[in-house]
Structure formats: C-alpha cells, structure tokens
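Participant: If you want our numbering, it's the position in the sequence shown, counting the first as 1, plus 647.
We treat Cβ as the ideally placed atom computed from N, Cα and C, and that holds for glycine.
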Amino acid sequence: MSGAELARSFHDEVVAPLLRREFPAASWVTGRFGGGSDVLGLDDEVSTDHDWGLRLTVLTAAATDAADVARFLEEDLPEEFHGAPVRFPTTWDAAARHRVEVAPLAEFVAGRLGVGPEDPWSVTDWLAFTGQAVLEVVAGPVFADDEGRWAALRDRLRWYPDDVWRHLVACSWKQLEQELPFVGRAGSRGDDLGSRVVAARLVDVAVRLGLLLDRVWVPYPKWIGTVFARSVSGRTGSQLTACLTAPEWRSREAALCWALEGLRERQREVGLPVADVATERFHDREFQGVPERASEVVLETVEDPRVRALPVGVGSVDQWVSSVDLLVDTTRRRSAQAAVAGRASSVRGDTTPAP
C-alpha cells in the first residue's frame, strides 16, 4: 500500500468519523499534503524506512479550531491502524507522536508559499515560489474539501501567470547561452573534469527548461529526473544522458546541442516563439553556443511592464539557488528574490497582483 492509500484509509476509517462526531458543524480540508515522496506519489519500499506511515493533514478555518482539534486527536486516536503504529518518531521529532498535522489553512499555505491563499500575489511572490513548495500544496490527494477552498487554491496554482512563464523560459535560454561554449573551451584545454562540470550544470538547466515548457512544477532534486522522464520534454532524456556519459568534449557538446534542439522544437509545439536554431558556432571558435535570439524572441512577447523590468538570466529562485537551507525557508528565499528583482527594501515587493 502506498503512503497516500494508507493515509486515505486512515482518514476515512478513523480520523474523519472522529472529527464529524466531535465537531459536527465544522468544515475541513483534509488530505496528504506537505513533504514526503508519498505526496508526489513516488514512494516505494525504500521510502518506508523513515518519515513514512500514518500521515495526513487536517486544515481548519481558524487557529483556535486547530488547537481544539489537535487536543482531541491526541486523546482519541488509537494506538495502531491496520497493524501500523499511529504514533512514531520522525527525523525532525524524536518523540513518538501521532502524525496527523493540524493547522489553520492560511497558516499552512503561508508556511509553504510565503503568502496566504487569498492574498494578492505579486510578480515577485510568484518568482519566490519553488516548485517543491507548490507541489506540497497541489500534488497530494485531497480527502475532504467542504467549502471548496482547496480546489480554488489549487486552481490558482495551476501554473504561472503567462508573462511570468515566458520570462522564466527566456531566463533558461539565457543561462544556456552564458555557459554552453565552456563545455568545449574547457575540454579543448585538456580540462575534462571542468567540461563535465559545466555540462552537468547545463543539463540541469535543460531539464528545468523542459519542465517549464510542459507546465510541470519542478520537484526537489531527488525526483527531478523521474518527473522529467514522464514529461513530453523527457523525449530529450537520451541525449541529455549521452551528454553526461560522453567520454570526450566533442561528443558531450554534440549530445547537449541535440537535446537543446529538441527543446526548441518542444517550445514551438507549446506555442511560444523560437529562434531559428537552438545552437550555433560561437564566434570564430570551434565551440557551439546558444544565440542571443533564443531568449530575446520570447522576451519580446512579454507585455506586463513589471515582468519586462526584471533582470534577464536570473528568473525564479528555483533557477539560481541550490542551497537547501534557503529554498525551504520562505523568509530567506523571498528576501533573496526581492533583492535580485531590485526590490531589496521590501520582502513583499510589488504587491500589485500578477495577472
């Protein structure tokens, strides 16, 4: 049984009947939300060795409701369910407690996104979301949504505003443009390790670009390859793998260029403008580069002046930060994103809602 299936059974057979009996007039959002491979539907037998089990989330309308519900569940939940312990330690809490997370809905959402579910979200807010943070809200199964608030939030998080999306696609091409020639330059000097490091960086950019084009939120790194392989852009996966495994820089560069041409074609398929080619000769050197036009042609279609004013090549916090400690901290990543967007004086940034 997967973690999501186990959580649903626990909810339907134990948690929901208890809540309906004790709080008959209350409304709930319940489901398997937050962190964990089971939220993404990607857990397997290896996942069960830690932080896996009878976990689910109960979201209430107010903080006082959450406190009452938490106290009640602590007293009334059984010791086990279908042979699984209801109370168990986790990597963040060594005590054996039940893992039915109870929280006010707005607080839970703000803890992942940095903004509330009904707040106006600015352009900077959208850029400060990580794909994983969004997935912790939208990916897991919903067991109850009495007032439809969770469905409305998930609809709002279906994807970026169109101009923000176009900006992020352009930023990916700009990142590729800035470093692609280094795969050959480092290799031609006998620095095979350096060539491989640059190539690996660009493969990561390419994978993220593919998921952007397919409108798929990027999960945390452990699952990015799995999710990419299931996407339409994942058809370039064999070329990207060939780039990473190539024995010398010429074949490494050729495989990467082949993959980028595939992503250019995917970009055309989803209705975004494309440059004439994905790669071309870098000046008079023997190396390949990405033409400036690859990013410019997309940026030319951005209409929102707030998005047009953003620095090209930076993009969302997911595109330029790899520090886990920053990415999982909403305050840190919002501060960082506001700073690079030219709004360092305000974490909130431009509070005018993005369209």
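#1: What's the C-alpha gap between residue 892 and residue 778?
#2: Taking Cβ to Cβ, would you say residue 824 is nearer than 8 Å to residue 941?
#3: Going by other Cβ atoms of all chains shown within 10 Å of its Cβ, with 16 needed for buried, is residue 764 buried or exposed?
#4: Do three or more CB pairs link the stretch 820-838 to the stretch 896-906 at distances below 8 Å?
#5: Tell me, which residues are paired with residue 735 by DSSP?
#6: My parser needs the alpha helix (DSSP H) runs of 4 or more residues fully inside the stretch 824-864; what are they?
#7: Go through its chain and collect everything with a Cβ distance to residue 938's Cβ below 6 Å, but skip five positions before and after it.
#8: Could you give the distance in angstroms between the alpha-carbon of residue 972 and the alpha-carbon of residue 751?
#9: Using the rule of at least 16 other Cβ atoms within 10 Å of the residue's Cβ for burial, across every protein chain shown, is residue 865 buried or exposed?
#10: Would you call the stretch 654-674 in contact with the stretch 710-720, where contact means no fewer than 3 C-beta pairs closer than 8 Å?
#11: Please name the residue or residues paired with residue 792 in a DSSP beta bridge.
#12: If the criterion is Cβ atoms closer than 8 Å, does the pair residue 988 and residue 957 meet it?
#13: So what's residue 755 in DSSP terms, helix, strand or just coil?
#14: Have a look at 808, 952, 850 and flag the residue whose alpha-carbon is nearest the alpha-carbon of residue 822.
#15: Apply the 10 Å Cβ neighbour rule to residue 981 and answer buried if 16 or more other Cβ atoms are within range, or exposed otherwise.
#16: Should residue 977 be labelled buried (16 or more other beta-carbon atoms within 10 Å of its own) or exposed?
#17: Using DSSP with H/G/I as helix, E/B as strand and the rest coil, what is residue 936?
#18: Report yes or no: do the stretch 854-872 and the stretch 777-792 share at least 3 C-beta pairs separated by less than 8 Å?
#19: Can you name the residues that DSSP bridges to residue 927?
#20: With DSSP as the reference, identify every bridge partner of residue 749, one or two as the case may be.
#21: Whose C-alpha, out of 697, 755, 918, 759, is nearest the C-alpha of residue 676?
#22: Can you pull the DSSP bridge partners for residue 728?
#23: Under a three-way DSSP split, which group does residue 777 fall into?
#24: Looking at residue 905 and residue 886, is the spacing between their C-beta atoms short of 8 Å?
#25: Taking all protein chains shown into account, decide if residue 969 is buried (16 or more other Cβ within 10 angstroms of its Cβ) or exposed.
#26: Determine the direct distance from the alpha carbon of residue 883 to that of residue 935, and round the result to whole angstroms.
#27: Use the C-beta contact count for residue 725: other C-beta atoms within 10 angstroms, 16 or more gives buried, fewer gives exposed.
#28: In or out: residue 739 buried (at least 16 other Cβ within 10 Å) or exposed?
#29: Output the distance between the C-alpha atoms of residue 962 and residue 819, rounded to the nearest integer angstrom.
#30: Taking residue 889 as the reference, which of 879, 880, 900 has the closest Cα?
#31: For residue 874 and residue 860, which I take to be in contact (beta-carbon distance under 8 Å), what is that distance rounded to the nearest angstrom?
#32: Can you tell me whether DSSP reads residue 762 as helix, strand or coil?
#33: Straight-line CA distance for residue 998 to residue 761?
#34: Using beta-carbon positions only, say whether residue 650 and residue 685 come within less than 8 Å of one another.
#35: Mind checking which residues open and close the alpha helix (DSSP H) that includes residue 1031?
Facilitator: In short:
#1: Here residue 892 refers to the residue found at position 245 of the sequence shown. Here residue 778 refers to the residue found at position 131 of the sequence shown. Distance between the alpha carbons of residue 892 and residue 778 is about 28 Å.
#2: Residue mapping note: residue 824 aligns to position 177 of the sequence shown, counting from 1. Residue mapping note: residue 941 aligns to position 294 of the sequence shown, counting from 1. In contact: residue 824 and residue 941 (Cβ atoms closer than 8 Å).
#3: Against the sequence shown, residue 764 aligns to sequence position 117. Buried, because 16 or more other Cβ atoms sit within 10 Å of the Cβ of residue 764.
#4: yes
#5: In the sequence shown, the residue the question calls residue 735 occupies position 88. For residue 735, which the question treats as bridged, DSSP gives the partners 744.
#6: 839-860
#7: Here residue 938 corresponds to residue number 291 of the sequence shown, with the count starting at 1. Correct list, in chain order: 922, 927.
#8: By 1-based counting over the sequence shown, the position of residue 972 is 325. By 1-based counting over the sequence shown, the position of residue 751 is 104. When rounded, the distance between both Cα atoms is 25 Å.
#9: For this step, residue 865 is matched to residue 218 along the sequence shown. When all chains shown are included, residue 865 counts as buried.
#10: yes
#11: Translated into the one-based positions of the sequence shown, residue 792 becomes position 145. Answer by DSSP bridge pairing, in chain order: 676.
#12: Position 341 of the sequence shown, counted from the start, is the residue given in the question as residue 988. Position 310 of the sequence shown, counted from the start, is the residue given in the question as residue 957. Yes.
#13: Position 108 of the sequence shown, counting from 1, holds the residue named residue 755. In this structure, residue 755 counts as helix in the three-state DSSP scheme.
#14: Sequence index remark: in the sequence shown, residue 822 carries index 175 (1-based). Nearest C-alpha to residue 822 among 808, 952, 850: 850.
#15: Numbered from 1 along the sequence shown, position 334 holds the residue referred to as residue 981. Result: buried.
#16: Numbered from 1 along the sequence shown, position 330 holds the residue referred to as residue 977. Buried, because 16 or more other Cβ atoms sit within 10 Å of the Cβ of residue 977.
#17: For the purposes of this step, residue 936 is taken as residue 289 along the sequence shown, with counting starting at 1. Strand, per DSSP.
#18: yes
#19: Here residue 927 refers to the residue found at position 280 when the sequence shown is read from its first residue. According to DSSP, residue 927 bridges with 936.
#20: Locating residue 749 in the sequence shown gives position 102, where the first residue counts as 1. Bridge partners of residue 749: 705.
#21: Translated into positions along the sequence shown, residue 676 becomes position 29. The candidate whose alpha carbon is nearest that of residue 676 is 755.
#22: Residue mapping note: residue 728 aligns to position 81 of the sequence shown, counting from 1. Bridge partners of residue 728: 731.
#23: On the sequence shown, position 130 is the one that residue 777 refers to. Residue state, collapsed to three classes: coil.
#24: Translated into the one-based positions of the sequence shown, residue 886 becomes position 239. Translated into the one-based positions of the sequence shown, residue 905 becomes position 258. Result yes, Cβ atoms of residue 886 and residue 905 sit closer than 8 Å.
#25: Counting from 1 along the sequence shown, the entry for residue 969 is found at position 322. Result: exposed.
#26: As a working mapping, residue 935 is identified with position 288 in the sequence shown. As a working mapping, residue 883 is identified with position 236 in the sequence shown. Approximately 18 Å between the Cα atoms of the pair.
#27: For this step, residue 725 is matched to residue 78 along the sequence shown. Under this definition residue 725 is an exposed residue.
#28: The residue given as residue 739 occupies position 92 in the sequence shown. By the neighbour-count criterion, in which a residue is buried when 16 or more other Cβ atoms sit within 10 angstroms of its Cβ, residue 739 is exposed.
#29: Counted from its first residue, the sequence shown places residue 962 at position 315. Counted from its first residue, the sequence shown places residue 819 at position 172. Taking the CA atoms as reference points, residue 962 sits about 8 Å from residue 819.
#30: Locating residue 889 in the sequence shown gives position 242, where the first residue counts as 1. Among 879, 880, 900, the Cα nearest to that of residue 889 belongs to 900.
#31: By one-based count along the sequence shown, residue 874 stands at place 227. By one-based count along the sequence shown, residue 860 stands at place 213. Actually they are not in contact, since the Cβ atoms of residue 874 and residue 860 sit about 13 Å apart, beyond 8 Å.
#32: Taking the sequence shown and counting its residues from 1, the one referred to as residue 762 is at position 115. DSSP places residue 762 in coil when its eight states are reduced to three.
#33: Reading the sequence shown from its first residue, position 351 is the one you call residue 998. Reading the sequence shown from its first residue, position 114 is the one you call residue 761. Any reading at residue 998 is ruled out, since the residue's pLDDT is 48, under 50, leaving its predicted position unreliable.
#34: As a first step, residue 650 is located in the sequence shown; it is residue number 3 there, counting from the start. As a first step, residue 685 is located in the sequence shown; it is residue number 38 there, counting from the start. Yes. Within cutoff.
#35: No information on residue 1031 is available, as it lies outside the stretch 648 to 1002 that the chain covers here.
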